[in-house]
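With the working numbering applied, the sequence shown covers 5 to 144.
Here the structure comes first, spelled out in structure tokens, and everything after it is commentary.
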Amino acid sequence: MDAKQLIKELQTIPKFIRDLEEERQATLSLLGGSHGYSDTRVLTSKTNVQEAKTVAYIDSSNYLVKQVELLHEKRQRLLEYVYAVKDMKLVLVLITIINSQTLTEAQDKLDIGQSKFFREKRQAMNALDEVLNQTEKAPA
Numbered sequence: 005m006d007a008k009q010l011i012k013e014l015q016t017i018p019k020f021i022r023d024l025e026e027e028r029q030a031t032l033s034l035l036g037g038s039h040g041y042s043d044t045r046v047l048t049s050k051t052n053v054q055e056a057k058t059v060a061y062i063d064s065s066n067y068l069v070k071q072v073e074l075l076h077e078k079r080q081r082l083l084e085y086v087y088a089v090k091d092m093k094l095v096l097v098l099i100t101i102i103n104s105q106t107l108t109e110a111q112d113k114l115d116i117g118q119s120k121f122f123r124e125k126r127q128a129m130n131a132l133d134e135v136l137n138q139t140e141k142a143p144a
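Structural data, given as structure tokens:
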């Protein structure tokens, strides 16, 4: 993995998390208003079907929560590479790029000129590549 791939992955993980959270909320909304047990005239088979649906919704919700947790853990592991860069100014550039939609937005957040931004971005990406290369060469 190189620096560009790492940055791209770190930018997409929050989108995946947001999608999973939305799916989970939709599942839970189905659970909340979907059933109503009336009086004793409710047939046992209908009750069993509803209970099976409820259990399925809960299982689905638990699965989605687990997937979100795994994505958070993966993002944290990937961020460790960024934090391993020695120069904190370059770390700031990388984090700003990761948390921005576009490079122009990142440049605006850093409040620096375009040529200085791209020079620092190149330095940051090279430093991140060095960290990634050292990690690959390190014994497991």
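Backbone N, C-alpha and C define an ideal beta-carbon position, used for all residues, glycine too.
Helix, strand or coil at residue i according to DSSP, with G and I counted as helix
i	result
Q105	coil
K57	helix
I21	helix
M5	coil
D133	helix
V95	helix
D115	coil
V89	coil
Cβ separation of residue i and residue j, assumed to be a contact under 8 Å, to the nearest whole Å
i	j	result
V97	Y87	So it is not a contact: roughly 13 Å between Cβ atoms.
Residue i vs residue j beta-carbon contact at 7 Å
i	j	result
Y67	T31	no
L75	I17	yes
V89	A131	yes
V72	I21	yes
Check your understanding: Between the region 5-17 and the region 123-137, are three or more C-beta pairs nearer than 8 Å?
Key -> yes
Practice item. Please confirm if the region 98-106 is in contact with the region 65-80, defined as three or more CB-CB distances below 8 Å between the two stretches. Key: no
Point to revise | Contact between the region 105-116 and the region 73-81 (3+ Cβ pairs under 8 Å) | key: no
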